[in-house]
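A short write-up of the structure that comes next.
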Amino acid sequence: GLGKPALASIFIVDSVLVAASYGQGMFRSTNNGLLWQHADSGMKGAPKYNYGLAQIGNYIYVSTPGAVVYRSSNAGVSWDSLTAKVPADFSQIAGSHSSLIAATDGKLFVFDTALARWQDVSGKVPFNDEFLGVGMIDDVMLASARTNLPNTYASGVFRSLDNGASWTEADSGMKYAEINQFLSVGS
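Taking this note's numbering, the leading residue of the sequence shown gets 57, the next gets one more, and so forth.
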């Protein structure tokens, strides 16, 4: 069963709960969380630490240590690794339509599923020393970032409307602009 792992992310996919954990691997539940089963079939070495889940259409993606991103088309029953080389261990991942956005502490990447390649877009975000959270709502990419320059500390939420090519600040009215996770509700 699930026990008491620290959950990194949890998604509902076709009425199935899929959970990524820190320390105990992947889980899925088909009865609203009453019973859980391990869900790491196809994951090389069954990674115990999973950082985040993302969904694009019928596919869910999970980022794991060792710079590997896995994909499932059956709500976590089985997983295949992406064939495109993953440039880093991603601490955050999000997806929508045909793109993924993923972050490490200091790098931000966009994956185009049609081209099957990762692109580093870190330098296009004004604050890019540390990425705290990423998200996607339709075709809008979101990133929460901060800079740690000497004698300077600043953070912000930024959005991209062009698949990461350019970013604008999007935190007007926020007292604190350090967001660890974004959630899109509805269609």
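From the three backbone atoms N, C-alpha and C, an ideal C-beta is built for every residue, glycine too. Since we're looking at a predicted model, the values are computed, not measured.
- In this structure Thr224 is in contact with Phe214, their Cβ atoms being roughly 7 Å apart against a cut-off of 8 Å.
- In the structure shown, the three-state DSSP call for Gly229 is coil.
- Here Ile112 is near Thr169, since their CB atoms are less than 8 Å apart.
- In the displayed model, Ser128 falls within a strand according to three-state DSSP.
- Secondary structure note for Met197: its beta strand (DSSP E) is the uninterrupted segment 196-203.
- Fewer than three Cβ pairs drawn from the region 82-98 and the region 148-156 lie within less than 8 Å of each other, which leaves the two stretches out of contact.
- Rounded to the nearest angstrom, the Cβ distance from Gly151 to Ala201 is 19 Å, too far for a contact under 8 Å.
- For Leu109, the uninterrupted beta strand (DSSP E) segment begins and ends at 108-112.
- Around Arg173, the same chain offers Ala140, Phe167 as residues with beta carbons nearer than 8 Å, after the five sequence neighbours per side are excluded.
- Under the DSSP assignment, Asp218 falls outside any beta strand (DSSP E); it carries neither an H nor an E label.
- By the 16-neighbour rule on beta-carbons within 10 angstroms, Met230 is exposed.
- Per DSSP, Val142 lies in no beta strand (DSSP E) segment and is marked neither H nor E.
- Nearest to Asp218 by C-alpha distance, out of Ala123, Ala199, Ala210, Asp195, is Asp195.
- Residue range 148-152 is occupied by the beta strand (DSSP E) that includes Gln148.
- In the three-state reduction of the DSSP assignment, Gly179 falls in the helix class.
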